[in-house]
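Protein chains in written order, with this note's numbering: chain A, 1 to 81; chain X, 1001 to 1197.
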């Protein structure tokens, strides 16, 4: 099943398979971790040296803290907002 | 890297309200966005603030993403705007040229560029060393597939053509390479699954 996490990371799944792979990956702590570490491996190979210090979690925590939600009329490319 | 529209399905799911799909995109791109932001902003803490702001802007504006460009290209532009917004709020900032980022020799390393944090610098160095050691021990055909994809940015289909193998074999080789390296990273990373995603 870790193969699917790898394919999910690379967008290599058929449209009908992506949601199922996301379900499987996020439901299993080991697969979820593999998804993150596979991404880390790629970044390190590209020269993005990085600590393993919860960077992603802090992004997600701030999004939750600020109640970020999809806004139909918000344009993120319209300069200072 | 590879195919331009590889994120289409995750974006579509996120637009339909599946927060996990957007989280998967955050996991995938946070380091690349941090590297980009660090071309504009000094200091790991400020870089991280801008990266967070960029992802929040992207999520708020996700409905406006039409797929005319790759998701990463769209996110990259949002991060640029967020970095410039940050710089404009700094009283001593002078932007050179047309919003040109100041080229910095020490650009990037999210969370690592603070000289006062040797522990994080050491951790990053240990991770990089472990990845390179594992890569060196990989079967050559696996290392080749992974390097073509991750380092040279070749799409799966092109790798298949270059190596004369079916695309399914490319998928398997890249996965096996990643998994081999990931397992050798485990002792370095430690059991911190709840801290990653």
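All residues carry an ideal CB built from backbone N, CA and C; glycine is no exception. The structure displayed is predicted, hence computed values, not measured ones.
| Check | Outcome |
| --- | --- |
| Comparing the C-beta of residue 1058 of chain X with each C-beta of chain A, is any distance below 8 Å? | yes |
| Run through the segment 1133 to 1158 of chain X for me and flag every whole beta strand (DSSP E) of 3 or more residues, listed as ranges in chain order. | none |
| Taking the alpha carbon of residue 1127 of chain X as the point to measure from, which residue in A:49, A:8, A:10 has its own alpha carbon closest? | A:49 |
| What in chain D is Cβ-close to residue 20 of chain A, meaning under 8 Å? | No chain D is part of this structure, whose protein chains are labelled A and X. |
| With a threshold of 8 Å between beta carbons, is residue 1010 of chain X in contact with chain A? | yes |
| Answer with yes or no whether the minimum CB distance from residue 31 of chain A to chain X is below 8 Å. | no |
| Is it true that the CB of residue 40 of chain A sits closer than 8 Å to the CB of residue 25 of chain A? | no |
| Would you tell me roughly how many angstroms separate the C-alpha atoms of residue 1001 of chain X and residue 1178 of chain X, rounded to the nearest one? | In this predicted model, residue 1001 of chain X has a pLDDT of only 42, less than 50, meaning its place in the structure is not dependable enough to derive any value. |
| Just curious, the alpha helix (DSSP H) that residue 20 of chain A is in, first and last residue? | 15 to 27 |
| What whole-angstrom Cβ distance do residue 56 of chain A and residue 1026 of chain X have, given they're in contact under 8 Å? | 6 Å |
| Within 10 angstroms of its Cβ, does residue 1155 of chain X collect 16 or more other Cβ (buried), or is it exposed? | buried |
| Report buried or exposed for residue 1145 of chain X, applying the criterion of at least 16 other Cβ atoms within 10 angstroms of its Cβ. | buried |
| Using a 10 Å radius around the Cβ and a threshold of 16 neighbouring Cβ atoms, would you call residue 1119 of chain X buried or exposed? | exposed |
| Taking the straight line between their C-alpha atoms, what separation do you get for residue 1008 of chain X and residue 15 of chain A? | 9 Å |
| Interface residues of chain A around residue 1182 of chain X at Cβ under 7 Å? | 34, 37, 38, 41 |
| Quick one: Cα of residue 1036 of chain X to Cα of residue 1153 of chain X, how far? | 17 Å |
| Might you give, ordered along the chain, the residues of its own chain that have their beta carbon closer than 6 Å to the beta carbon of residue 1103 of chain X, omitting 5 neighbours on each side? | With a pLDDT of 48 at residue 1103 of chain X, under the threshold of 50, the modelled position of this residue cannot be trusted; read the value that follows with caution. Taken in chain order, the list of residues that qualify is empty. |
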